[in-house]
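Numbering of the sequence shown is given in my numbering, commencing with residue 26 and proceeding in unit increments.
Glycine is no exception: its CB is placed at the ideal position from the N, C-alpha and C atoms.
Below is one structure, written out as structure tokens; the observations come after it.
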Amino acid sequence: MHRATRPPRRRVVSSVLAVVVGATSLPLAAAPTEQEQAIAKDLFDKGVKLNEEHKCDEKPLDEARCREARDAFKRAYELTGALGALRNLAYVEKGLGMIASAARSFRDLARKAPLDPKPERRAWADYARKEADELEPRVPRLTVKVVDDVPGLKITLDGTDLPRAAWNTSIDIDPGKHSVHAEAPGRLPFEGSATLAEKQNKAISVVLFADSKHPSDTQAAPSKTLPIVVTAVGAAAVGVGLGLGYASMKKRDDSCDANKLCDPQGLDDGRALATGSTIVTAVGAAALTVGIVWWALTPSAPKKDSDRGAHLSPWASRDGAGLAAFGRF
């Protein structure tokens with residue numbers, strides 16, 4: 026533990042209390058309020074008691090109780106920026122085997138201790154830097170690789186949001202098991218984990234597959250527009266063919282008088298119309314059939330209103346012919 030390089034524990038405790046109560050000399054964004062100082066002092070005292078009772082910077086230790094001590098020191102430091110809380114936090118993290126966190130805390134202490142007005146606390150920078158340098162080669166590193174950076178992608182590491190700047194880069198992390206969760210609109214959630222020992226480097230590749238139940242914009246259902254157009258054209262052609270058939274019958278009737286004497290030219294025109302009616306109706310019926318089958322075989326997009334729909338139907342009689350549209354809108 027390199028105890029010779031740092032003050033005795035009792036001296037650290039007393040000096041830390043002085044910093045917690047009078048931390049205005051430190052370069053903070055805002056001086057702690059009296060209430061924050063009081064809370065920080067209580068938290069610090071709790072951490073010191075747990076640390077002394079369970080020797081959290083030595084092995085073996087009571088992990089559960091020492092994690093309580095770490096939490097107390099961490100919150101005390103966050104409230105006031107007291108260097109003593111940060112120093113004790115670093116040693117407890119080191120004792121717990123949280124070497125990445127400990128190295129980070131020692132580096133913070135090495136940066137901030139030289140700014141303290143008291144010489145004995147400025148001296149902490151030297152041993153903090155030494156501790157950080159000794160821990161550095163042991164720190165595991167994890168890379169969260171993003172294979173497909175889809176819109177709306179969110180990633181969490183051990184339940185905490187992982188910022189985009191930390192994607193696809195090596196992250197210092199404490200030894201142990203770590204879990205990655207990722208999700209994005211229209212994609213199935215991703216779950217991955219890795220267990221790292223000291224000095225290990227590992228990667229977790231995040232791959233999100235499309236969710237068939239919630240198709241994305243890039244995987245829209247096939248359009249039914251073209252089958253509907255073909256069906257409509259076929260229905261119109263059938264209507265035209267039936268109209269020609271009606272015109273053929275009317276032409277035949279008009280070509281003959283009451284004595285059934287008929288105009289040969291009129292009969293020929295009627296036959297021509299009948300032939301055209303047959304051809305157009307046949308082509309239209311074929312197109313109508315193809316369109317209906319095509320429409321039926323095309324997968325439908327999710328329905329937003331099942332009550333809506335439209336239908337086309339040709340009609341013909343001796344008085345006329347046409348195409349009717351009806352439905353509910």
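| task | Could you round the C-beta distance between Leu75 and Ala97 to whole angstroms and report it? I think they count as a contact, below 8 angstroms. | result | Rounded, the Cβ-Cβ distance is 7 angstroms, consistent with contact.
| task | Return helix, strand or coil for Glu208, following the three-state DSSP convention. | result | Note: Glu208 maps to strand in three-state DSSP.
| query | Exposed or buried, Ala110, counting other C-beta atoms within 10 Å across all chains shown (16 or more means buried)? | reply | With 16 or more Cβ atoms within 10 Å of its Cβ, Ala110 is classed as buried.
| request: Pick out whichever of Leu104, Leu86 and Cys287 has its Cα sitting closest to the Cα of Gln62. | output: It is Leu104.
| query | If you drop the 5 nearest sequence neighbours on each side, which residues of the same chain put their C-beta closer than 8 angstroms to that of His79? | reply | Excluding positions up to five away in sequence, the list reads Leu86, Asp87, Arg90, Cys91 and Ala94.
| task | Could you work out which residue in Val117, Asp67 and Ala101 is closest to Glu77 when comparing CA atoms only? | result | Cα-wise, what sits closest to Glu77 is Val117.
| said: Quick test of the definition: if touching needs 3 or more C-beta pairs under 8 angstroms, does the stretch 217-237 touch the stretch 263-279? | reply: Flag = no, the stretch 217-237 and the stretch 263-279 do not touch.
| field | Start-to-end residues for the beta strand (DSSP E) that takes in Ser230 | value | Unbroken beta strand (DSSP E) run through Ser230: Asn226 to Val231.
| Assigned exposure category for Ser302 - 16 Cβ within 10 Å defines buried | Under this definition Ser302 is a buried residue.
| query | Got a sec, what are the start and stop residues for the alpha helix (DSSP H) Arg132 sits in? | reply | Where Arg132 is concerned, the enclosing alpha helix (DSSP H) stretches over Ile124 to Lys137.
| field | Identity of the residue in Arg277, Asp183, Ala311 and Asn113 nearest Ala299 by Cα | value | Distances from the CA of Ala299 to each of Arg277, Asp183, Ala311 and Asn113 were compared; the closest alpha carbon is that of Arg277.
| request: Excluding the 5 residues preceding and the 5 following Lys119 in the sequence, name in chain order all residues of the same chain whose CB lies nearer than 6 angstroms to its CB. | output: The answer, listed in chain order, is Ala127.
| What did DSSP end up calling Thr194 once you bin it into helix, strand or coil? | DSSP places Thr194 in the coil class of the three-state scheme, outside both helix and strand.
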